[in-house]
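Down below is the structure, laid out as structure tokens.
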Amino acid sequence: MAAKQGAAATTYSPKIMARTRPPIFKGSDLDWTRPDGRGFHQCRPALLQTGAVSAASGSAYAEFGNTKVIVSVFGPRESKKATSYSDVGRLNCNVSYTNFASPTLGSQGTDHKEYSSMLHKALEGVIMMETFPKTTVDVFALVLESGGSDLPVVISCAGLALADAGIMMYDLITAVSVSCIGKSLMIDPVTEEEGCEDGSFMMTCMPSRSEITQLTITGEWTTPNINEAMQLCVDACSKLGEIMRDCLKQAASASDE
Amino acid sequence: MVGVSFGEQNFIKGGIAQDLRTDGRKRLTYRDVYVETGVIPQANGSARVRIGGTDVIASVKAELGRPSSLQPDKGKVAVFIDCSPTAEPTFGGRGGEELSSELALALQICLLGGKSGAGAGINLSSLLIKEGRVCWDLYIDGLVISSDGNLLDALGAAIKAALTNTAIPKVQVSAEVADDEQPEIDISDEEYQQFDTSSVPVIVTLTKVGNHYIVDATAEEESQMSSAVSISVNRAGHICGLTKRGGSGLDPSVILDMISVAKHVSETLMNNLDSKISAAEACEDDES
Numbered sequence: 007m008a009a010k011q012g013a014a015a016t017t018y019s020p021k022i023m024a025r026t027r028p029p030i031f032k033g034s035d036l037d038w039t040r041p042d043g044r045g046f047h048q049c050r051p052a053l054l055q056t057g058a059v060s061a062a063s064g065s066a067y068a069e070f071g072n073t074k075v076i077v078s079v080f081g082p083r084e085s086k087k088a089t090s091y092s093d094v095g096r097l098n099c100n101v102s103y104t105n106f107a108s109p110t111l112g113s114q115g116t117d118h119k120e121y122s123s124m125l126h127k128a129l130e131g132v133i134m135m136e137t138f139p140k141t142t143v144d145v146f147a148l149v150l151e152s153g154g155s156d157l158p159v160v161i162s163c164a165g166l167a168l169a170d171a172g173i174m175m176y177d178l179i180t181a182v183s184v185s186c187i188g189k190s191l192m193i194d195p196v197t198e199e200e201g202c203e204d205g206s207f208m209m210t211c212m213p214s215r216s217e218i219t220q221l222t223i224t225g226e227w228t229t230p231n232i233n234e235a236m237q238l239c240v241d242a243c244s245k246l247g248e249i250m251r252d253c254l255k256q257a258a259s260a261s262d263e
Numbered sequence: 019m020v021g022v023s024f025g026e027q028n029f030i031k032g033g034i035a036q037d038l039r040t041d042g043r044k045r046l047t048y049r050d051v052y053v054e055t056g057v058i059p060q061a062n063g064s065a066r067v068r069i070g071g072t073d074v075i076a077s078v079k080a081e082l083g084r085p086s087s088l089q090p091d092k093g094k095v096a097v098f099i100d101c102s103p104t105a106e107p108t109f110g111g112r113g114g115e116e117l118s119s120e121l122a123l124a125l126q127i128c129l130l131g132g133k134s135g136a137g138a139g140i141n142l143s144s145l146l147i148k149e150g151r152v153c154w155d156l157y158i159d160g161l162v163i164s165s166d167g168n169l170l171d172a173l174g175a176a177i178k179a180a181l182t183n184t185a186i187p188k189v190q191v192s193a194e195v196a197d198d199e200q201p202e203i204d205i206s207d208e209e210y211q212q213f214d215t216s217s218v219p220v221i222v223t224l225t226k227v228g229n230h231y232i233v234d235a236t237a238e239e240e241s242q243m244s245s246a247v248s249i250s251v252n253r254a255g256h257i258c259g260l261t262k263r264g265g266s267g268l269d270p271s272v273i274l275d276m277i278s279v280a281k282h283v284s285e286t287l288m289n290n291l292d293s294k295i296s297a298a299e300a301c302e303d304d305e306s
């Protein structure tokens with residue numbers, strides 16, 4: 007939304023300075039330095055807190071670099087949408103962005119309508135639905151600031167919130183994504199890297215059971231790249247699982263005191 | 019669909035374990051594929067694909083539009099899927115919405131590639147007319163008429179055939195124009211350019227039933243699945259997209275194995291589909 011030349015500028019908004027990749031380097035080894043100085047296989051440091059929302063049954067707040075997400079879980083509670091009896095519980099997920107989450111006002115929100123259904127699919131394989139028949143668990147995720155790798159952070163934070171709410175699950179759920187730019191793979195991309203990536207690999211897994219519950223790959227990938235990306239993701243997910251467990255243990259011991 | 023009894027469930031699972039499915043196919047064999055192109059005259063391109071009892075129609079319409087400000091050098095593609103109530107009574111009203119959006123999302127992931135456009139089945143830069151001002155918007159619509167399993171593969175094949183059949187009119191743009199005004203566009207009625215579909219991938223869905231994977235599951239086999247992985251492979255043998263459906267978790271080695279199986283299966287499917295599509299196009303040219 008740049009101001010028109012010659013016309014009176016009615017509003018000013020900063021133009022997004024997209025870092026352009028020189029097209030002649032496409033496909034060959036790019037000399038890409040990550041904006042925050044991380045190594046290619048280094049994730050952002052994670053800040054995780056439970057109990058962020060006192061009104062909810064369980065909640066969690068996660069900060070991964072500039073991506074800040076808060077998730078609250080309500081339930082199991084009576085579902086107003088259900089019309090018939092079901093002997094398994096229902097899960098209802100919603101992911102929304104605040105208007106100030108991205109540099110451009112509100113326009114990014116429409117691209118992410120599918121995040122709610124992707125979060126639903128990631129969670130439905132982990133939650134033991136038969137432990138809360140006839141009722142619904144509502145998961146509401148709000149992205150306060152979008153700094154890249156939004157959906158994996160939302161999924162991990164939702165897993166933490168569900169654990170905080172005491173919903174029975176097969177395992178903690180963690181998610182991580184890997185971007186492919188040229189020939190290099192980098193884990194946990196930021197918005198800038200996601201904007202010019204050649205392919206993305208997003209994986210949700212249960213670290214202790216070493217099982218993948220959701221996998222989404224876009225872009226063109228060769229088999230060695232897929233192997234490497236899968237290895238990176240599995241390692242990162244198990245480390246993230248450890249961090250989540252520590253956070254939950256701290257919260258539990260703090261409430262005991 | 020009538021529910022499957024316990025005995026039938028065991029029969030399906032046992033048969034798959036022994037490489038003999040209920041309709042006599044092996045685990046990695048596709049049903050016969052029938053392709054017809056040019057079924058919708060008003061669309062720029064269209065195709066109808068039948069795989070066994072699954073019947074889908076895909077149509078491609080191109081309209082002039084404005085490129086998005088984030089990517090001013092690329093055209094736009096939108097994929098919509100409609101599950102008609104003729105396929106299943108439950109699809110009427112809002113019932114088929116969840117399935118439609120899931121299929122549309124999976125197709126977008128498989129066809130559009132990474133953000134920079136690498137590995138995309140459709141080259142978005144070829145849809146550009148004037149940078150930042152005018153581009154082609156492709157609306158790809160899929161309609162599911164009859165569903166007997168494996169909807170994603172059928173839709174992928176139909177979209178591939180429809181894109182091969184797509185003819186986009188040639189456009190003349192007036193060069194000198196002030197910054198604020200829309201450039202004058204002259205759309206030719208006579209000359210058309212065929213769409214380049216050499217990099218459009220095929221989608222292979224592998225359904226895991228018990229400990230084995232099958233390709234091209236029928237509706238009753240799908241009711242027994244634990245999870246399904248849909249992999250799109252292009253002619254070069256590279257993976258262009260992957261989505262996993264179904265709740266149960268899969269070991270990483272299983273997924274890597276599925277990827278190699280899918281690559282192997284996709285070669286025969288791609289060749290089969292290409293020959294069927296060119297036969298259908300030739301047939302249509304003869305008729306018109």
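Chains as they are written, first to last, in the numbering used here: chain R, 7 to 263; chain V, 19 to 306.
Cβ atoms here follow ideal geometry from the backbone N, Cα and C, with glycine treated the same way.
Three-state class that DSSP yields for R:Asp177 in the structure shown: coil
V:Asp303 versus V:Ala297: straight-line alpha-carbon distance, rounded: 10 Å
Among V:Phe213, V:Val152, V:Tyr157 and V:Leu169, nearest to V:Thr182 - alpha-carbon criterion: V:Phe213
Sequence-distant residues of the same chain with beta carbon closer than 7 Å to V:Ile277, five excluded per side: Ile249 and Ile257
Test: R:Leu238 CB closer than 7 Å to a CB of chain V: no
Beta-carbon proximity list for R:Arg27, same chain, < 6 Å, skipping 5 on both sides: Note that R:Arg27 has pLDDT 49, beneath the 50 cutoff, so the model's placement of it is unreliable and no number is given.
Chain-ordered chain V contacts of R:Trp38 [CB-CB under 8 Å]: Going along chain V, no residue has its Cβ under 8 Å from R:Trp38, so there is no contact; the nearest lies around 12 Å.
R:Cys253 versus V:Gly132: straight-line alpha-carbon distance, rounded: 34 Å
Supposed contact pair V:Lys92 and V:Leu142 - C-beta distance, whole angstroms, cut 8 Å: 4 Å
Pairwise C-alpha distance: R:Glu200 and R:Thr39: 14 Å
Any chain V beta carbon closer than 7 Å to R:Gln256: no
Opposing strand residues paired with R:Gly64 [DSSP bridges]: R:Val79
Beta carbon proximity, V:Ile140 to chain R, threshold 7 Å: no
Straight-line gap, V:Pro90 to R:Thr110 (C-alpha atoms, nearest Å): 16 Å
Stretch-stretch touch, CB-based, cutoff 8 Å, three pairs: the segment 132-152 of chain R with the segment 187-195 of chain R: no
Beta-carbon proximity check, R:Thr222 vs V:Thr261, cutoff 7 Å: yes
CB contact below 7 Å: R:Leu268 versus chain V: Nothing in the structure corresponds to residue 268 of chain R, since chain R is present only between 7 and 263.
Of the residues V:Gln27, V:Asn62, V:Thr223 and V:Asn168, the one placed nearest V:Trp154, counting alpha carbons only: V:Asn62
Classification of R:Lys86 by the beta-carbon crowding that lies within 10 angstroms, buried from 16 upward: exposed
Ordered list of beta strand (DSSP E) runs contained in the segment 25-60 of chain V, each at least 3 residues: 51-55
Short-range partners of chain R found in the segment 260-272 of chain V, where Cβ spacing is below 7 Å: Leu260, Thr261, Lys262, Gly265, Ser266, Gly267, Leu268, Asp269 and Pro270
Within-7 Å CB hit, R:Met212 to chain V: yes
Top-ranked residue by Cα proximity to V:Ser134, from R:Thr224, R:Lys74, R:Met250 and R:Leu148: R:Thr224
Cut-off 7 Å between Cβ atoms - residues of its own chain near V:Gly264, not counting five sequence neighbours on either side: Met243, Ser244, Ser245 and Ala246
Residue from V:Ile177, V:Ile99, V:Leu130 and V:Arg43 with nearest C-alpha to V:Ile65: The sequence shown places Ala at residue 65 of chain V, not Ile. Cα-wise, what sits closest to V:Ala65 is V:Ile177.
Close beta carbons around R:Gly247, own chain, < 6 Å, minus the five adjacent residues each side: Leu178, Thr180 and Pro213
Inter-stretch contact at 8 Å, needing at least 3 Cβ pairs: the segment 141-161 of chain R / the segment 65-82 of chain R: yes
Length of the line joining the Cα atoms of R:Gly64 and V:Gly267: 25 Å
Rounded straight-line distance, which links the Cα of R:Ser60 to that of R:Gln256: 17 Å
Cβ neighbours of V:Ala122 in the same chain (closer than 7 Å, five flanking residues each side left out): Val97, Phe98 and Ile99
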